[in-house]
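Student:
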Amino acid sequence: MPSWVVLILLVLPIAAALAIFALERLRPNFGLAWLIAMLAALGGWGLLLALGLRNPAPLQLADWLPFQVNLDDRLLLQVDPISWPLAFSLAALLLAVILTAPVRLGQKSIPAAWASNLFITSMGLMGVLSGNLITLLLVWSLIDVVELIIMLRTVQEPRLNRQAVLAFAARVSGTIVALAALVVDQDPVISGIPNAFPQANVLLLMAAGLRLGVLPLNLPYQQEIRMRRGVGTLLRMVSAATSLVLLARLTPIEVTAGGGALLLVASAIAALYAAAMWASAANELAGRPYWIISLAGMALISVINGNPLNSLAWSTLMILCGGLLFLYSGRAKFSIVLPILAAVALSGLPFTPAAFGWPGVVDESFTIFDLALVLIPALLMVGMIRHAMTPGDALRDMQGWIRVAYPMGLFLLVASAWLIVLLGTGQSLIVGPWAVSLASSLVAVGMLFAVYRWRSTASENRRFGWLQSIVRVVGKWLTSFFNLRWLYALLNDFMRSIRRLVEGLSVILEGEGGVLWVLVLLALLLTLLLPEGLR
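Under the numbering used here, the first residue of the sequence shown is numbered 171, with each subsequent residue one higher.
(1) Does the count of Cβ pairs from the stretch 472–487 and the stretch 401–418 closer than 8 Å reach three?
(2) Where does residue 573 fall in DSSP's three states?
(3) Return the CA-CA distance between residue 470 and residue 375, expressed in angstroms with no decimal places.
(4) Could you say which of 466, 402, 663, 380 lies nearest to residue 286 if we only look at CA atoms?
(5) Alpha carbon to alpha carbon, how far is residue 412 from residue 663? Give it in angstroms, no decimals.
(6) Do residue 218 and residue 257 count as a contact pair if the criterion is CB distance below 8 Å?
(7) Between the C-alpha atoms of residue 629 and residue 621, what's the straight-line distance to the nearest angstrom?
(8) As an exercise, report each continuous alpha helix (DSSP H) stretch of at least 4 residues that is fully enclosed by the stretch 260–343, in chain order.
(9) Residue 535: buried (16+ other C-beta within 10 angstroms of its C-beta) or exposed?
(10) Helix, strand or coil: how does DSSP classify residue 245 here?
(11) To which residues does DSSP link residue 500 through a beta bridge?
(12) Between the beta-carbon of residue 603 and the beta-carbon of residue 523, is there less than 8 Å?
(13) Residue range of the beta strand (DSSP E) that residue 231 falls in?
(14) How big is the Cα-Cα spacing for residue 305 and residue 313?
(15) Report the CB separation of residue 500 from residue 565 in whole angstroms; it is logged as a contact under 8 Å.
(16) Less than 8 Å between the C-beta atoms of residue 184 and residue 206, yes or no?
(17) Give the straight-line distance between the Cα atoms of residue 359 and residue 332, rounded to the nearest whole angstrom.
(18) Nearest to residue 463 by CA position, among 380, 671, 614, is which residue?
(19) When you compare only the Cα positions, how much space is there between residue 556 and residue 618?
(20) Should residue 526 be labelled buried (16 or more other beta-carbon atoms within 10 Å of its own) or exposed?
(21) Leaving out five residues before and five after residue 232 in sequence, what residues of the same chain have Cβ atoms less than 6 Å from its Cβ?
(22) Who are the Cβ neighbours of residue 606 in its own chain at under 8 Å, not counting the five residues just before and after it?
(23) Which word fits residue 406, buried or exposed, when buried means at least 16 other C-beta atoms lie within 10 angstroms of its C-beta?
(24) What residues in its chain sit with their C-beta under 7 Å from that of residue 363, if we drop five residues either side in the sequence?
(25) Scan the stretch 408–479 and note each continuous alpha helix (DSSP H) run of 4 residues or more that stays entirely inside, going in chain order.
(26) As a quick exercise: from 341, 352, 323, pick the residue whose alpha carbon is nearest that of residue 386.
(27) How is residue 198 classed by DSSP in three states: helix, strand or coil?
(28) So, are the CB atoms of residue 512 and residue 554 less than 8 Å apart?
(29) Looking at the secondary structure, which residues open and close the alpha helix (DSSP H) in which residue 510 lies?
(30) Give the DSSP-derived three-state secondary structure of residue 535 in the structure shown.
(31) Between which two residues does the alpha helix (DSSP H) harbouring residue 225 extend?
(32) What is the rounded straight-line gap between the Cα of residue 291 and the Cα of residue 669?
(33) Pick from 281, 300, 220, 449: whose alpha carbon is nearest that of residue 199?
(34) Let me know the secondary structure DSSP gives residue 388 once reduced to three states.
(35) Check whether the Cβ atoms of residue 265 and residue 465 sit closer than 8 Å, and answer yes or no.
(36) Which residues in the same chain as residue 350 place their Cβ atom closer than 7 Å to its Cβ, once the five residues preceding and following it in sequence are excluded?
Okay, here's the thing in structure tokens:
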């Protein structure tokens, strides 16, 4: 298959977005704009479905820099067993966003938002299809700038603007660490392919962990910024997917036993904390950052254990199952079946999509550490069912074609999770460690039963009010500790002290005795540098 097919995946959504913007300027037509967006999304999803059977040749642009460098400076895009599952997941999410958009008309789901969805997805596809690190770094930078602009234009509160800038700084820090890996390794090789990704895998692991908010655990957004469900969901998933593809492309990490254990514990704590926060969040949108961090933590654990390909299962389920719940704003009588199917896909039971992910997380020798990992998917499934049971918009009040398109979009996400393991060569339908997945599912069912049993017995709740108070205080303390805001406050105080010191020195040197102080400092410096015999 020719390489220009890859270009269609990127150009098609951008062309549709430009057409929608032009249509809104010249002759606004709501129905035509939605049809353009839907056809573009369907075309991209269908093309990627076909590419799952036959991969095209890589598309590359060499010698594009005006100067010579000693690094792999090609712009390389390729559809392969690693990039295809993530690209197909993003295409399915875009199509689901467009199909479910008419339900959210009351939430300002307008053609401009649909055009933004198309453009954001095009950037995400460019990132997950990146065949080398320099291409991925450029896409990271583009996504970070676009996200910062969208955030600053969306919110007007100074506090929320500050959170957006902090999130931007955290992601840029990850980009800088990845750039350091590119500079450190002058002869990059991965999986036998020369000049692809550096072998400085620990640096790249830390870069992806920083951008995902897992290593170290960082939540610059102390509260989720209110955004449209479609744009907000796609923006979050695109940013995460372009970092997760780097994890899947890493060769098995070689670290010391102590270093590997430290990375595993840090990732497990971040994932477990995020899963607990997701299960207890007020709603699915408030828990969206925790959903991403928890499943990204599972992907990181797979990579640290030396199984980067298994991380693809957690990455694709993060996009597809999470996307289903974040778009699940309308409620119908039997619509709860769709979140339940998504929870089954996440359970890891035999022949489910997550069954391929479990071997990367646990091995045959089950330990106490693995017991903690069993709780992570269990808490995620509890949160999914709990949030899906909350009241939403009534679908019966919508038009007939909307009541058909909406469940089709949500079902498409669940179906895509099984299509990936059926068609993708990087994943497959396997039995997996069924005892572990069964234990996780039983824990989830037990937690759900306990939660709804507790809520249904109001008199007993009043009797055990003291226990609720203790749990609330302990939970609040754990939340304040694990979100690391205290660490950020300490760093802020330290930088403020350094700034005051510099300002004090500046006042001294700029005063009337400034020249004298400069001479004293120069004499002191010469005294320290001169040999002992010449002092």
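Glycine included, every Cβ here is placed at the ideal spot set by N, Cα and C.
Tutor: Reading it off the structure:
(1) yes
(2) helix
(3) 8 Å
(4) 402
(5) 33 Å
(6) yes
(7) For residue 629, the predicted model reports a pLDDT of 49, less than 50, meaning its position is unreliable; a value from the coordinates is still stated below. Answer to the nearest angstrom: the Cα atoms are 15 Å apart.
(8) 281–298, 303–324
(9) exposed
(10) strand
(11) 563
(12) no
(13) 229–231
(14) 12 Å
(15) 4 Å
(16) no
(17) Its pLDDT being 40, under 50, residue 359 is placed unreliably in this model, and the value from its coordinates should be taken loosely. The straight-line gap from Cα to Cα measures roughly 39 Å.
(18) 380
(19) 8 Å
(20) buried
(21) 244
(22) 518, 528, 532, 536, 540, 544
(23) buried
(24) Note on residue 363: pLDDT 39, under 50, position unreliable in the model; the coordinate value appears next. Same-chain partners within the cutoff: there are none.
(25) 427–450, 458–474
(26) 341
(27) coil
(28) yes
(29) 507–517
(30) coil
(31) Here residue 225 belongs to no alpha helix (DSSP H), and DSSP marks it neither H nor E.
(32) 41 Å
(33) 281
(34) coil
(35) no
(36) 373
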